[in-house]
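Residue numbering for the sequence shown follows our numbering, starting at 83 and increasing by one per position.
In this text, a Cβ means the ideal position worked out from N, Cα and C, and glycines have one as well.
This one's a predicted model, so the numbers in the text were calculated from it and none came from an experiment.
Scroll down for the structure; my scribbles are underneath it.
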Amino acid sequence: AVQIDGPSPDSRFRRGVDCFHFDGRERLDKFIKSWKFELCSSLVIVANAMYMGINANAQLDAAKEGHEANSDIWLAFERIFTVLFAVEWALRLIVYQKWFFRLADWRW
């Protein structure tokens, strides 16, 4: 009998199919597909859309008054959203690896 090193043959993530394998990959896959993760991702998207609208309005008001509306708070929000989106993207890329670009919903 041939012994397979790593996940079971029925596993979605078999060694040799992707770039690298790690033990927690299936747990991470389950986590990023959970409704809680999807809800958090959706809430971050909505919050970012609200932020962009508020920021655009502040920029427009400042332009009307003849000055710039640059402040540290706007920059902090931009960085927070950038980090959150980068973490989500990285988690998905770690799990799906090269298949990330070939999933059924790859156009998201």
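Assigned secondary structure, Ser116 (DSSP; H/G/I helix, E/B strand, else coil): coil
Hey, quick one: how far does the alpha helix (DSSP H) through Glu160 stretch, first residue to last? Asp154 to Tyr178
Just the Cα atoms here: how many angstroms apart are Pro89 and Trp156? A caution first: Pro89 carries a pLDDT of 46, below 50, which makes its placement in the model unreliable, though a value can still be read off. Spanning the two alpha carbons is a distance of roughly 45 angstroms.
Val177 classed as buried or exposed, judged by whether at least 16 other C-beta atoms fall within 10 angstroms: buried
Give the DSSP-derived three-state secondary structure of Asp105 in the structure shown. coil
Is DSSP giving Glu147 helix, strand or coil here? helix
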